[in-house]
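Written out below as structure tokens is the structure these notes cover.
Protein chains in written order, with my numbering: chain X, 75 to 434; chain B, 75 to 434.
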């Protein structure tokens, strides 16, 4: 039986962005020391951590000595190189483990896993060449969407194929990389469920959030989403099957499409997720604390909200009017400590909380 | 007109204990970098800060170079030496300023200030010798309480004088230091109000908390306290007079006795306060964020609670059963990262939140 980590233990985080920063603060709240591994010494998470190990991802000596100082290691970013995880795992427990990454770093593997786990997916096909793309478009029909299998996020590495789209151009647009072709989901709305799974296999989930994307980037999440108890229950079943299938330890998110009152899985994030930031101000226990609890081998805290919440991302220039945001009495402001504004860069978010709708 | 500090600015904190730690995390949440000054490099706040300056309080060179790197400096501890504050002030704004410390570091000065500001106090007298103690006890009557004017906290530096107490022994017990003799307040309960005051003089306060002390240490706070609107309003008036009188910038707390439905001021803490820890889980904006906002020259956030809360301190050995605390579903656990348990040492606290009583 694995022992829970005592307060004062060291939890390591691979990746020093805003998710690592919010994880580090939640970990400190429970009395842990946090060490961060990131190539950038001045990264957002490093500035709130006990120690920052600034080294490249391919420096296995640095990874191993980092891991050797940690009682457990986790990550904020699903594209941590597998070799780094393996090197860390040779010194200390890594939670979640390799399986969660292997099943989600590659879109084709991920969709296949989701289908096999019983979560609905859109129709999809493997694409390794222009000829295979032509065959796949014949089968799936237009419009459809071509995505690189690896290293896509926030809408990057994708090409939409419409009636007029030239397939050779689309294939070139994604760099002729190994890809997956997916049918368009005729969805009414985008939802997500943020769940956590413990070392002992317990799964708990927050209420569904309803999400608005634009330009491939999450803009707004509203939670709890107004859904039927049946849909919430279906989402929990999907999350449970996925969490168990990944043998996941920690928080993960499942992005869903609501298609005619049923749920289709879009993708899995094997980590804390932007659509769970609302939990920071509307739930007793945030997604970041839940993740730390799971990584430490602790029981989960409650996932029930005390308030309703609208989370609004501050992307790029959105953060420039910070004076107005600071003065907005109804906005709980969270800024990530990023030194420079860039278009599309997530700079912070605001949470607007309100009383929960009265139970009828 | 003083400009508000932009996100990315550096806020310095004198003192690296748990209050500094929770201030540091709140400051990071608003995008600030936090530097901590404390003689102990491994102090709780230093482990969540961007930079820890480990140097003695009397190293004025270290204090000045610390302050020179900060856009503003604040403190978690009212016994910061005045010389250190002055040295910092020569390089950067210090908020709150010297006046808040001068009026509260000395119990006699503090009680006189409170009385002059219109807050009720118990009867008190200056004591500088055994002869003055004898005269003061004649005047105030027994039981009464003898306290050193300076450096008392958590019940230290105090001697209770009962019918049978030998005055020479009491005078020896407090080290024959300059002292104040206070009458006992025949209070029904202990209350406190945590308030914040901005650079522009705006004052806001959280609802009153009801506090239980034992052995001179706060054990439990319940908030919002069940009090009449008149008592809440009287407390806000007292806090406003005290905050304005100190020309305070930041959070401060006023400890009060409820004596027959009226309020008597016990003491002032010119900083975030243990009896305000409930705000971390029951209010949209915690006392720590309020303090950072005030120090940064930002407007205050809301002081209204979304939940009711019972805060229970974890003192000394209370933290040993951390497994049970971690598994207590209704307890929001906050641990301070202290390396060793000592009797009377504040190791953490738990907050139990519940829905606010319905308005009648």
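Every residue, glycine too, gets a C-beta built ideally from N, C-alpha and C.
- CA-to-CA, the gap between residue 387 (chain X) and residue 160 (chain X) works out to about 34 Å.
- For residue 288 (chain B), no alpha helix (DSSP H) segment is defined; the enclosing uninterrupted segment is the beta strand (DSSP E) at 283-288.
- For a Cβ distance threshold of 9 Å, nothing in chain B lies close to residue 295 (chain X): the least Cβ distance comes to about 18 Å.
- Across the structure, residue 207 (chain X) and residue 253 (chain X) are spaced so that their CA atoms are roughly 9 Å apart.
- At a beta-carbon threshold of 9 Å, the residues of chain B lying near residue 82 (chain X) are 409, 411, 412, 413, ordered along the chain.
- Within chain B, not a single residue places a beta-carbon under 8 Å from that of residue 269 (chain X); the smallest gap is close to 17 Å.
- Neighbours of residue 401 (chain B) across chain X, judged by C-beta separation under 7 Å: 373.
- DSSP places residue 276 (chain B) in no alpha helix (DSSP H); its state is neither H nor E.
- At least one CB of chain X lies nearer than 8 Å to the CB of residue 376 (chain B).
- In the structure shown, the three-state DSSP call for residue 321 (chain X) is coil.
- Put simply, of X:256, X:409, X:384 the residue whose alpha carbon is nearest the alpha carbon of residue 353 (chain X) is X:384.
- Beyond the five residues adjoining it in sequence on each side, residue 399 (chain X) comes within less than 7 Å, by CB distance, of 405, 407, 424 in the same chain, given in chain order.
- Note: residue 162 (chain X) is not bridge-paired with any residue in the DSSP secondary-structure output.
- Residue 189 (chain X) carries a helical assignment under DSSP once its states are collapsed to helix, strand and coil.
- Residue 422 (chain B) reaches chain X at 105, counting residues in chain order whose Cβ is nearer than 7 Å.
- Any Cβ of chain X closer than 8 Å to the Cβ of residue 110 (chain B) would place that residue at the interface, and such an atom is absent.
- Put simply, the stretch 212-220 of chain B touches the stretch 245-261 of chain B. At least three CB pairs are less than 8 Å apart.
- For residue 336 (chain X), the enclosing beta strand (DSSP E) begins and ends at 336-343.
- By the Cβ test, the stretch 84-92 of chain B is in contact with the stretch 144-157 of chain B, since at least three Cβ pairs between them sit closer than 8 Å.
- Residues of chain X with a Cβ closer than 7 Å to the Cβ of residue 124 (chain B) are, in chain order, 121.
- Per DSSP, residue 248 (chain B) lies in no beta strand (DSSP E) segment and is marked neither H nor E.
- Spatial neighbours of residue 296 (chain X) in its own chain (CB-CB distance under 7 Å, excluding positions within 5 residues in sequence) are listed in chain order as 283, 284, 384.
- Contacts with chain X (Cβ-Cβ distance below 8 Å) from the stretch 354-365 of chain B involve 355, 358, 359, listed in chain order.
- For residue 178 (chain X), DSSP assigns no beta-bridge partner whatsoever.
- Residue 211 (chain X) sits in a helix when the DSSP states are folded into three classes.
- Per the C-alpha coordinates, the member of X:119, X:106, X:121 positioned closest to residue 118 (chain B) is X:106.
- Between the beta-carbon of residue 369 (chain X) and that of residue 328 (chain X) there is about 19 Å, and that puts the pair past the 8 Å contact cut.
- Under the Cβ distance rule, residue 99 (chain X) counts among the residues neighbouring chain B, one pair being separated by less than 8 Å.
- With a minimum length of 4 residues, the unbroken runs of alpha helix (DSSP H) contained wholly in the stretch 360-429 of chain X fall at 361-369, 396-401.
- From the listed residues X:82, X:187, X:102, X:114, the smallest Cα separation to residue 145 (chain X) is found for X:82.
- Linking residue 192 (chain B) to residue 288 (chain X) through their CA atoms gives a straight-line distance of about 57 Å.
- When the five nearest sequence neighbours on each side are left out, the beta carbons in the same chain lying within less than 6 Å of the beta carbon of residue 174 (chain X) are those of 320, 322, 344, in order along the chain.
- With fewer than 16 other CB atoms across the displayed protein chains lying within 10 angstroms of its CB, residue 276 (chain B) is exposed.
- Under the Cβ criterion (8 Å, minimum of three pairs), the stretch 328-340 of chain B does not count as touching the stretch 354-373 of chain X.
- Taking 3 residues as the shortest admissible run, the stretch 112-136 of chain X contains the following complete beta strand (DSSP E) segments, listed from N- to C-terminal end: 125-127.
- Using a CB distance cut-off of 8 Å, residue 78 (chain X) counts as an interface residue toward chain B.
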